[in-house]
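With our numbering, the residue at position 428 of the sequence shown is 412, and numbering never jumps.
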Amino acid sequence: MPTNITASLLYDLVQCPKRVELDLFGKDTDRDEVSPFVAMLWQRGTLYEHDVMKGGGLEALDLSQMDSIDQERLTLEAMRRGEPLIYSGRISANDLLGVPDLLRREGTGYVPMDIKSGRGEEGGSDDEDGKPKLHYAVQLALYVDVLERLGMSAGRRGLILDSRGHEVTYDLAAARGSRKAESLWDEYQAILATARSIADRTFVPKGALASSCKLCHWYTACTKTLRAEDDLTLIPVLGRAIRDAMEPTLPTVAALAACNPDALITNGKTPFKGVGEDRLRTFHARAILLKDPNAKPYLKAPVSLPVSEVEYFFDIEVDPLRDFTYLHGIVERRGGDTANERFISFFTDDETPKAERDAFAGAVAHLTGVPTATIWYYSKYERTLYRKLQVRYPDVCSAEAIEALFDPARAVDLYNDVVTKATEWPTNDQSIKTLAKYLGFSWRDTNPSGAASIEWFDQWVRTRDPAVRARILDYNEDDCKATRVLLDGIRSLGS
Ligand code: SF4
């Protein structure tokens, strides 16, 4: 029986084509357990949808409890008689199948609408619009495609009802931008063609190692294959698109390590789309490191690391679905005395704006308490979030105070300012987890990750279990300590 192309299959395909292929044809015995974080996302999505339908005052024909055959028959009947709003209708045409959360009558046709527990667009801010999310757009496009085939479409557009209660319109036919003539509908057609070729097995996509793989239920099996194939995506920051461009010439990490980059560079250019001279040399150096069993990390450029009596190693925890910052953690070291360093935390004991504001205020007061202290953090995220929190709680401090706090003279983004610019490591990525573990540090928790912390926070919200609270704090403290371990490790590279 031919495989149905569903909206959720296209959603997954935008994230990773290999996952779609393994979901369709992989061995069940190769599947990992679904991560608690992913399970929490599913659960929260479902709960949010129910909340919207129950509390949003939406009067809709509810088909959510029907079996699939009745659900589809009743949806068609409801559309033919012009039902204004249909919840959980099921529609299909040829190999396409979709269950849009809502179908709303507009004119003589229907517009599909999905309820999402995240923001309807990516980028943007509380005040500014962002851009459509491709993984949402392909789902809406599939529904529209089915409606067109059924002669019941109100036009090439769909709606996302998002976590802020905003109704975000996805104009599928419009050009994506002034420099991009392609529309979301064009992208949908290309993605649909890929989905069909995976489903009929004329195309077998390759995996590509990325940070998101850690949440995938094929992680163990897929990364084993990538290692066995010596795939180029084992090199930090070398992703799927670049791998695909380089692979015909340099199919493996070993081949890249053995090549002479000079022979591939002409007038500062390489034959690989998206790869300039500097990047090719960086990837080549990383390939050599990965292939050398005795490789050690090294400095590739001089670094100037400030020395101060007081050092703050700083990390925050944020629940992006709640748009809520629940923990600011600081490991404070004085005089380089690691044995006597201490952990200071500002945790929100409830989920109110007041709790978020007070934790932010406490952390800002501590971080500004010693103006000569150096603040060490890992990635731009902390600074971005502090700017956002300042706008949300302007009584805590001014925008200028946040800029002063993150002035490069006193605050160092160890990832962007030091690790990526000046160091190389014999590892598959440059995350704080990977590098600190490489240097011998171990987290107390058996499953340390930012995603896990968000899932623990969700548990804390539901249970107020002190053991869960302690787990969140321990994890954050270890993240702060890992930043200190990495700083000390980088200092030792220069000696
Ligand atoms: S582990 Fe990564 S590459 Fe492999 S299927 Fe999952 S998301 Fe795709």
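Ideal placement from N, C-alpha and C gives every residue a C-beta, glycine not left out.
Being a predicted model, the structure only gives us computed values, none of them experimental.
Counting along the chain, where does the beta strand (DSSP E) carrying residue i start and finish?
i, result
"D397", "A395 to D397"
"R376", "Here R376 belongs to no beta strand (DSSP E); instead the alpha helix (DSSP H) covers Y365 to R376."
"Y154", "E151 to D155"
Beta carbon of residue i: closer than 7 angstroms to some heavy atom of the ligand SF4?
i, result
"W202", "yes"
"K405", "no"
"G223", "no"
"K499", "It is not possible to answer for residue 499, since the shown part of the chain is limited to -15 through 479."
"T418", "no"
"A347", "no"
"S196", "yes"
"A192", "yes"
"T207", "yes"
"L6", "yes"
May I ask you to list the residues that DSSP assigns as paired with residue i?
i, result
"S76", "L81"
"L86", "Y71 and M97"
"R141", "D155"
"P116", "E105"
"I(-11)", "L80"
"L283", "T407"
"V294", "R318"
So what does DSSP say about residue i, is it helix, strand or coil?
i, result
"A192", "coil"
"W169", "helix"
"R428", "coil"
"K2", "helix"
"I249", "coil"
"N276", "One detail in the question is off: residue 276 reads as Asp in this sequence, not Asn. DSSP places D276 in coil when its eight states are reduced to three."
"V354", "coil"
"L47", "coil"
"T178", "helix"
"G259", "Note on identity: in this sequence residue 259 is Val, with Gly being the wrong assignment. Correct three-state label for V259: coil."
"Y361", "strand"
"K164", "strand"
"V402", "helix"
"C197", "helix"
"D14", "helix"
"V380", "coil"
"L8", "helix"
"T266", "helix"
"L42", "coil"
"D487", "As shown, the chain starts at -15 and ends at 479. That puts residue 487 outside it, with no answer to give."
"D129", "helix"
"L289", "coil"
"T92", "coil"
"T186", "coil"
"T207", "helix"
Grab the span of the alpha helix (DSSP H) containing residue i for me, first residue to last.
i, result
"Y422", "I416 to Y422"
"I456", "P450 to L477"
"T447", "G434 to T447"
"V22", "P20 to G39"
"A385", "A383 to L389"
"M63", "S52 to R64"
*asked:* As an exercise, report each continuous alpha helix (DSSP H) stretch of at least 4 residues that is fully enclosed by the region 210 to 246, in chain order.
replied: Listed in chain order, the alpha helix (DSSP H) elements of length 4 or more contained wholly in the region 210 to 246 are 224 to 230 and 237 to 242.
*List in chain order: all unbroken beta strand (DSSP E) runs of 3+ residues lying wholly within the region 296 to 345.*
Qualifying beta strand (DSSP E) stretches, in chain order: 308 to 318 and 326 to 331.
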